[in-house]
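Numbering (the working numbering), first residue to last: 11 to 341.
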């Protein structure tokens, strides 16, 4: 098994003054609509956990089974989301659970403070504690619960031997084109199946080439990617790279981050998928690299404010004084 650091290349530099202060190394692939790698940096065979970047893959059984046939575009976006815990997110997940005849206690994702500063400050001011609705994965878990009801599964839907996770693993291995060597438990308690970086890229390429009317798998892929592009706020939240990037590309491209510096993109108009992993797990480097790759493919303007912010900075201090910048190296 190829370790994540083997064959990594320099992708992002942090510059302070006239000196390179930090270097972030990693791997990236661009795949076509058949899943074949057409460009690569570093080692495509690096074994990774996709973390939350693969939520659209985890949502495939929700649609393919028929469990999600009546779900709205907003609900499908939430099923793929790592959200901020804003009211737009928590209210929508609560309503979804209510439609199922369930509540917050039926979730198995755990509670954490919302990532949104506004939502977090609101809880602190009212002396309320966060609940599982605030968990950034609560939308994905609402999708799991929807599928579990359809399959007649028990309440502990995050267990690896539960029918929900068996269905997720099957879909994951089919679209990545390889048997997963195992899983780790994600921050939200669900299993996260390992794959090679080019396997994740293959999946994104297949999503990009999917068109409605070509069978249940392609119907599901196309619908999920379109939902993400149509509801960028629900996929992440105000100020987040995923939301800002999708807005800058008018929803024509679906992008999704994952913990420990994984990022993917689905580009239907080019039949291209992107997957990348930064070895040191640094989010700023993953965001810089995905923006640069989107610019390279011509779907994101280099002049877009989000592109400039993610690829270049500037880096500022507490007095808003510019102290440095980023440089992405894809040559």
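Yeah, the Cβ is synthetic: ideal placement off N, Cα and C, and Gly gets one too.
Here's the rule: buried if 16 or more other CB atoms are within 10 angstroms of the residue's CB, otherwise exposed. What is residue 146? Taking the first residue of the chain shown as 1, we reach residue 146 at position 136. By the neighbour-count rule (16 or more Cβ atoms within 10 Å), residue 146 is buried.
Can the beta-carbon of residue 211 be found closer than 8 Å to that of residue 268? The residue labelled residue 211 in the question sits at position 201 within the chain shown. The residue labelled residue 268 in the question sits at position 258 within the chain shown. For residue 211 and residue 268, no; Cβs fall outside 8 Å.
Can you look up residue 41 in the DSSP assignment and give me helix, strand or coil? Here the question's residue 41 lines up with position 31 in the chain shown. Looking at residue 41 - three-state DSSP - the assignment turns out to be strand.
Which residue wins for smallest C-alpha separation from residue 287, given the options 209, 228, 135? Position 277 of the chain shown, counted from the first residue, corresponds to residue 287. Among 209, 228, 135, the Cα nearest to that of residue 287 is on 209.
According to DSSP, what are the bridge partners of residue 395? Since the first residue shown for the chain is 11 and the last is 341, residue 395 is missing from the structure and cannot be characterised.
So residue 241 and residue 84 are supposed to be a Cβ contact under 8 Å. How far apart are they, rounded? For the purposes of this step, residue 241 is taken as the residue at position 231 of the chain shown. For the purposes of this step, residue 84 is taken as the residue at position 74 of the chain shown. Indeed they touch by this definition, with Cβ atoms about 5 Å apart.
Thinking C-beta only, is residue 129 closer than 8 Å to residue 97? On the chain shown, position 87 is the one that residue 97 refers to. On the chain shown, position 119 is the one that residue 129 refers to. Yes.
Let me know the secondary structure DSSP gives residue 306 once reduced to three states. Counting from 1 along the chain shown, the entry for residue 306 is found at position 296. The DSSP-derived three-state label of residue 306 is helix.
Beta-carbon separation of residue 62 and residue 95 under 8 Å? As a first step, residue 62 must be located in the chain shown, where it is residue number 52. As a first step, residue 95 must be located in the chain shown, where it is residue number 85. Between residue 62 and residue 95, the CB-CB gap reaches or exceeds 8 Å.
Taking 8 Å as the cut-off, decide whether the C-beta atoms of residue 206 and residue 56 are in contact. Looking up residue 206 in the chain shown gives position 196. Looking up residue 56 in the chain shown gives position 46. Less than 8 Å separates the beta-carbon of residue 206 from that of residue 56.
Return the CA-CA distance between residue 35 and residue 137, expressed in angstroms with no decimal places. The count along the chain shown starts at 1 and reaches residue 35 at position 25. The count along the chain shown starts at 1 and reaches residue 137 at position 127. Going by C-alpha positions, residue 35 is about 42 Å away from residue 137.
Which ranges would you report for the alpha helix (DSSP H) in the region 97-185 if only whole runs of at least 4 residues count? For the region 97-185, whole alpha helix (DSSP H) runs of length 4 or above, ordered along the chain, are 97-109, 127-136, 148-161.
Three-state secondary structure (DSSP) at residue 297? Within the chain shown, residue 297 is the residue found at index 287, counting from 1. The answer is helix: DSSP assigns residue 297 an H, G or I state.
Kindly say whether residue 114, judged by its beta-carbon, lies nearer than 8 Å to any beta-carbon of chain C. Reference to chain C is not applicable here, since this structure consists of a single protein chain.
N- and C-terminal bounds of the alpha helix (DSSP H) containing residue 24: The sequence position of residue 24 within the chain shown is 14, counting from 1. Note, residue 24: premise wrong, no alpha helix (DSSP H); beta strand (DSSP E) at 19-26.
Who are the Cβ neighbours of residue 2 in its own chain at under 6 Å, not counting the five residues just before and after it? Any property of residue 2 remains undetermined from this structure, which presents the chain solely from 11 to 341.
Decide if residue 300 is buried, meaning its Cβ has at least 16 other Cβ atoms within 10 Å, or exposed. For this step, residue 300 is matched to residue 290 along the chain shown. Around the Cβ of residue 300, a 10 Å sphere holds 16 or more other Cβ atoms; the residue is buried.
If the criterion is Cβ atoms closer than 8 Å, does the pair residue 67 and residue 185 meet it? Taking the chain shown and counting its residues from 1, the one referred to as residue 67 is at position 57. Taking the chain shown and counting its residues from 1, the one referred to as residue 185 is at position 175. Going by beta carbons, residue 67 and residue 185 fall inside the 8 Å limit.
Among 69, 202, 90, the one whose alpha carbon lies nearest that of residue 194: Mapped onto the chain shown, residue 194 falls at position 184. Among 69, 202, 90, the Cα nearest to that of residue 194 is on 202.
Ordered along the chain, which non-local residues of its own chain (more than five positions away) have a Cβ less than 6 Å from that of residue 229? Numbered from its first residue, the chain shown carries residue 229 at position 219. Once the five neighbours on either side are set aside, the close Cβ partners of residue 229 are 222.
For residue 13, tell me which candidate among 52, 303, 334 has the shortest Cα-Cα distance. Against the chain shown, residue 13 aligns to sequence position 3. That would be 52, whose Cα lies nearest to the Cα of residue 13.
Below 8 Å on the Cβ atoms is my contact criterion, and I expect residue 65 with residue 150 to pass it. Report the Cβ-Cβ distance as a whole number of Å. As a first step, residue 65 is located in the chain shown; it is residue number 55 there, counting from the start. As a first step, residue 150 is located in the chain shown; it is residue number 140 there, counting from the start. Taking a contact as a CB-CB distance under 8 Å, the pair residue 65 and residue 150 counts as one, their CB atoms being some 5 Å apart.
Taking Cβ to Cβ, would you say residue 92 is nearer than 8 Å to residue 157? On the chain shown, residue 92 is found 82 positions in, with the first residue counted as 1. On the chain shown, residue 157 is found 147 positions in, with the first residue counted as 1. Contact check for residue 92 against residue 157 fails: the beta carbons are separated by 8 Å or more.
Residue burial classification, residue 110 (beta-carbon count within 10 angstroms, cutoff 16): The count along the chain shown starts at 1 and reaches residue 110 at position 100. Exposed, by the Cβ-count rule.
For residue 183, which of 196, 255, 172, 204 has the nearest alpha-carbon? Residue mapping note: residue 183 aligns to position 173 of the chain shown, counting from 1. The shortest C-alpha separation from residue 183 is found at 204.
Identify the residues that DSSP records as bridge partners of residue 266: which are they? The residue you call residue 266 lines up with position 256 of the chain shown. According to DSSP, which records beta bridges pairwise, residue 266 is partnered with 274.
As assigned by DSSP and simplified to three states, the class of residue 315: Numbered from 1 along the chain shown, position 305 holds the residue referred to as residue 315. In this structure, residue 315 counts as helix in the three-state DSSP scheme.
When you compare only the Cα positions, how much space is there between residue 69 and residue 285? Taking the chain shown and counting its residues from 1, the one referred to as residue 69 is at position 59. Taking the chain shown and counting its residues from 1, the one referred to as residue 285 is at position 275. Looking at the two C-alpha atoms, the distance is approximately 18 Å.
Taking residue 116 and residue 155 to be in contact with their CB atoms under 8 Å, please state how far apart those CB atoms are, rounded to whole angstroms. Translated into the one-based positions of the chain shown, residue 116 becomes position 106. Translated into the one-based positions of the chain shown, residue 155 becomes position 145. The beta-carbon separation of residue 116 and residue 155, rounded to 6 Å, stays under the 8 Å limit for a contact.
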